[in-house]
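Undergrad: Under full-length UniProt numbering, residues 1 to 718 are what the sequence shown spells out, in order.
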Amino acid sequence: MTTLEYMCSGRKYRNLYISFFIVVVIVIGLLGCLQLAGLGVGGGADDARLSLLAAGSWEEVVVGSTGGGGVGVGGEGIPEPTSTRDDCHYYNCFNVYRCGRSGNQHLSVYVYPLKRYVDEERVEIKPMSREFYEILDTILNSEYYTRDPQDACIFVPPIDTLNESNLRKDKIAQALATLPYWGQGENHLLFNLLPGTAPLFDTELGVARGKAVVAGGGYSTLTYRRGYDVSLPVYNPAHQDQPIGRKPASSRQWLLVSSQVNLHRDHVEDLEAQLLDSTTQSSDFLLLGRCHQPHTNLTHRCSGTQVHHYPGVLRDAKFCLVMRGGRLGQTALYDAMRAGCIPVVAVDQYIMPFSEVIDWREASVRIYEEDLPTVLEILKRDVSPERIAAMQQQVLFLYEEYLSNMRQITLTTLRIIADRIFPAHARPLAHWNTPPLPAAPHNPLFLPLTAPASEGFTAVILTYDRLESLFQVIQTMVQVPSLAKVLVVWNNQKKAPPQASMWPKISVPLKVVQTRENKLSNRFYPYEEIETECILAIDDDINMMTADELEFGYQVWREFPDRIVGFPPRNVVWNNDTQSWKYDSEWTNEVSMVLTGVAFYHKYWSYVYTTQLPGDVKQWVDDNMNCEDIAMNFLVANLTGKAPIKVTPRKKFKCGECTSGDLSANEAHLVERSQCVGHFTRVFGTMPLKTVEFRADPVLFMDNFPDKLKLYDNMGSL
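1) Given a cut-off of 8 Å, decide if L429 and V357 are closer than it, judged by their beta-carbon atoms.
2) Report back the beta-carbon spacing between residue 729 and C534 to the nearest angstrom; my notes put them in contact at under 8 Å.
3) Closer than 8 Å by C-beta to R130: which residues in its own chain qualify, once you throw out the five before and the five after it? Chain order, please.
4) For P688, which residues in the same chain have their Cβ closer than 6 Å to its Cβ, ignoring the five residues on either side in sequence?
5) Give every residue of the same chain whose Cβ lies closer than 6 Å to the Cβ of H188, excluding the five residues on either side of it in the sequence, and list them in chain order.
6) Give the DSSP-derived three-state secondary structure of S580 in the structure shown.
7) How about the stretch 271 to 282 and the stretch 408 to 424: do they share at least three Cβ pairs that are nearer than 8 Å?
8) Is the beta carbon of P698 closer than 8 Å to that of K710?
9) Would you report the Cα separation of H89 and E401, rounded to the nearest angstrom?
10) Distance, Cα to Cα, C33 vs V62?
11) Whole angstroms are fine: how far does the CA of S580 sit from the CA of A696?
12) Who are the near neighbours of I564 in its chain, counting only those whose CB is closer than 6 Å to its CB and skipping five residues on each side?
13) Spell out the partners DSSP gives A215 in its beta bridges.
14) Of all the beta strand (DSSP E) runs that stay within the bounds of the stretch 266 to 348, which reach a length of 3 or more residues?
15) Who are the near neighbours of N95 in its chain, counting only those whose CB is closer than 6 Å to its CB and skipping five residues on each side?
16) Flag this pair as yes or no: are the beta carbons of I351 and Y224 separated by less than 8 Å?
17) Just to confirm, are K618 and P526 a CB contact at a threshold of 8 Å?
18) Would a C-beta distance cut-off of 8 Å place Q514 and W490 closer than the cut-off?
19) When you compare only the Cα positions, how much space is there between R558 and E362?
20) What do you get for E164, buried or exposed, if any count of 16 or more other CB atoms within 10 angstroms of its CB means buried?
21) Under the DSSP definition of a beta bridge, which residues are partnered with W254?
22) How about G678: is its Cβ closer than 7 Å to a heavy atom in the ligand MG?
23) Check whether the Cβ atoms of P149 and L114 lie closer than 8 Å to each other.
24) What residue range does the beta strand (DSSP E) around A637 cover?
25) When you compare each of G64, D151, T279, T138 to R98 by their alpha carbons, which one comes out closest?
26) Less than 8 Å between the beta carbons of G245 and R168, yes or no?
27) Going by beta-carbon coordinates alone, are T596 and G553 separated by less than 8 Å?
28) If you count every other CB in all the chains shown that lies within 10 Å of the CB of W587, and 16 or more means buried, which is it?
29) Are T578 and G456 close, meaning C-beta to C-beta below 8 Å?
30) Quick check on DSSP: helix, strand or coil for Q514?
31) Shortest alpha-carbon distance to L107 belongs to which of L333, D419, D539?
32) What did DSSP end up calling residue 774 once you bin it into helix, strand or coil?
33) Please classify D713: does DSSP put it in a helix, a strand, or coil?
34) Only counting runs of 3 or more residues, tell me where the beta strand (DSSP E) segments fall wholly within the stretch 513 to 548, in order along the chain.
35) Quick one: give me the first and last residue of the alpha helix (DSSP H) that K380 is part of.
36) Just to confirm the assignment, what range does the alpha helix (DSSP H) spanning Y110 have?
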């Protein structure tokens with residue numbers, strides 16, 4: 001090739017490379033633009049939250065006109081408002097096929113982009129209230145929110161319908177009809193806390209809404225579409241700064257308080273008649289009414305000339321009367337529950353909040369309005385002090401879990417709807433109505449069903465100076481197939497452990513750790529030398545065990561790696577005479593502890609024992625030089641809610657060559673152990689030990705079968 005030909009060829013390829021590079025840059029730029037455009041169109045939860053705050057940037061929609069800018073309704077091609085379907089129920093108005101489209105059994109809720117709806121004169125139809133803002137914000141930040149309307153099961157319009165008293169109902173209905181996915185209200189959810197307007201105050205939202213589901217307050221049995229609508233509490237934002245009433249019912253001054261000021265005159269006369277009854281004591285009933293001049297403060301209630309602060313007065317009452325006023329649903333129910341006061345509901349036909357899932361029999365007393373003249377008699381006769389205490393606790397649980405603020409109310413509404421749509425995943429009613437235990441057992445270990453056999457276990461032997469029995473224990477241990485290491489915890493600071501040449505020659509690693517102080521808790525320290533998941537805690541005088549017993553115990557632990565699995569069984573029993581727990585070492589049908597004189601457990605429990613044992617339990621053990629095994633049983637049972645497992649029939653663990661005697665038969669020792677049980681119960685705040693009536697034995701243990709064919713033939717004696 002000539003020089004000229006080479007130069008021309010190079011120029012040709014260089015131009016080709018430049019052209020290719022330019023094309024790549026253009027493609028990358030286009031992809032970036034498309035990605036940015038996608039983000040701008042799709043939006044996310046963060047975008048939606050920003051639009052909530054940036055009210056000035058909302059698109060303006062003119063309702064009632066087709067001209068002058070914005071979007072109108074009522075003209076040609078514009079949908080008309082949809083009349084309310086009072087006959088709606090889940091099976092004829094709700095499109096369940098919109099739900100779970102992506103294959104997951106999960107409720108998805110779409111919130112329309114926020115817009116500013118105005119009339120022809122540019123006057124806003126309904127400004128957004130703080131409470132409605134909180135509803136939308138809760139949904140946008142919840143697990144239910146989706147930004148894709150095609151994936152949505154439920155649609156929430158951005159139109160505030162909480163208080164019907166200040167709604168322009170015709171304009172609201174027209175605005176709803178403009179929504180792009182309205183479809184006569186199918187699968188749409190509206191929120192309404194205060195239905196109706198004066199003077200009749202209907203018990204349902206009076207806006208033409210088609211098939212829309214309404215989560216509303218103040219429903220009656222005549223207007224509530226059971227299984228379709230959701231009954232809400234009438235929320236009261238005015239007293240959110242008031243503390244929640246946790247004063248025990250037994251310490252409250254009044255049995256019953258009536259604090260509403262808008263009662264019907266007939267009801268007031270019924271209540272006043274009970275005040276005049278000779279059997280009514282001053283602490284039985286407090287009837288409050290509106291204060292006259294100069295007391296114009298709405299937080300004041302008066303009984304004669306005596307002024308009480310509302311709602312603080314409710315925190316000193318066991319029961320609070322809730323009756324109908326102008327509206328069927330009243331904030332009195334909400335205020336009473338916040339005060340920890342049991343509501344006595346005397347409102348016929350009233351649908352209680354979230355009645356689909358809440359069992360109000362456990363947290364309220366319902367009477368007919370005609371029984372109002374005998375309400376005090378009913379409470380005194382039918383509700384015991386124990387029942388009052390239980391109901392008060394349930395009132396506080398329901399309030400804090402479902403009613404305390406708009407966030408809880410909104411999430412509860414969505415959970416109820418989700419349970420309807422996906423009944424296979426619905427929570428049982430008992431779950432809705434049962435408070436979680438303050439210290440519910442929760443297993444912190446994430447372990448396989450069966451621990452791996454290859455790893456084996458580490459034998460941790462606590463000793464002081466009993467060398468002969470210690471060496472016997474080590475010689476027995478080395479015969480166990482699954483033994484991986486022996487760790488001797490030398491608890492004697494006055495005497496050094498023997499020289500290496502004096503120790504038994506064994507086939508597994510043997511490590512000696514000398515402690516700084518003589519403490520029983522040293523046996524449960526998470527030593528770095530322990531590399532296996534499983535630990536066998538064993539005393540230096542337990543020289544009667546066989547290799548088969550220990551191997552079988554380890555195999556059982558592999559099946560139950562979160563429990564204490566071992567040999568010496570003990571029990572605790574309640575002594576009715578002394579009203580205390582008693583430590584019992586007798587042979588019985590029940591086991592609630594397995595002593596760690598010889599027991600398998602997961603090394604995690606050593607860490608928890610050392611770092612997280614509650615109160616002064618660890619200090620108590622070290623000061624008294626006793627009960628470390630009881631403390632470990634308390635700890636594991638408290639965190640897992642499970643009992644230990646006793647293996648093999650052996651019950652005697654007495655060292656024949658030892659001279660210290662049998663401590664378990666010493667009466668003073670048993671008294672000390674009982675004191676430990678009592679003290680630990682007080683520190684833990686409960687008795688966590690679980691009692692069982694079984695033990696684990698090898699399958700062929702008692703069978704008439706040749707020993708040489710049994711996997712574990714030397715299981716020892718009683």
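Each residue gets a CB set at the ideal place from its N, CA and C atoms; glycine is no exception.
TA: Looking at the coordinates:
1) Note that the C-beta distance between V357 and L429 is below 8 Å.
2) In the structure displayed, the chain extends from 1 to 718; residue 729 sits before or after that span and is not available.
3) Excluding sequence neighbours, R130 sits near P237.
4) F634, A637, N638
5) F155, A212
6) In the three-state DSSP reduction, S580 falls in the strand class (E or B).
7) no
8) yes
9) Taking the straight line from one Cα to the other gives about 28 Å.
10) At C33, the pLDDT of 43 sits below 50, so the modelled position is not reliable and the matter cannot be decided from this model.
11) 30 Å
12) V594, A599, Y601, V636, P644
13) F191, V230
14) 285 to 287, 300 to 303, 306 to 309, 317 to 323, 342 to 346
15) E186, N187
16) yes
17) no
18) yes
19) 44 Å
20) buried
21) A317
22) This structure does not include the ligand MG; it has no bound ligands of any sort.
23) no
24) From DSSP, A637 is part of no beta strand (DSSP E) but of the alpha helix (DSSP H) over 628 to 640.
25) D151
26) no
27) no
28) exposed
29) Their beta carbons are not under 8 Å apart, which means T578 does not touch G456 by this criterion.
30) Strand, per DSSP.
31) Among L333, D419, D539, the Cα nearest to that of L107 belongs to D419.
32) Any question about residue 774 goes unanswered here, given that the chain covers just 1 to 718.
33) coil
34) 534 to 539
35) 375 to 382
36) Here Y110 belongs to no alpha helix (DSSP H); instead the beta strand (DSSP E) covers 109 to 111.
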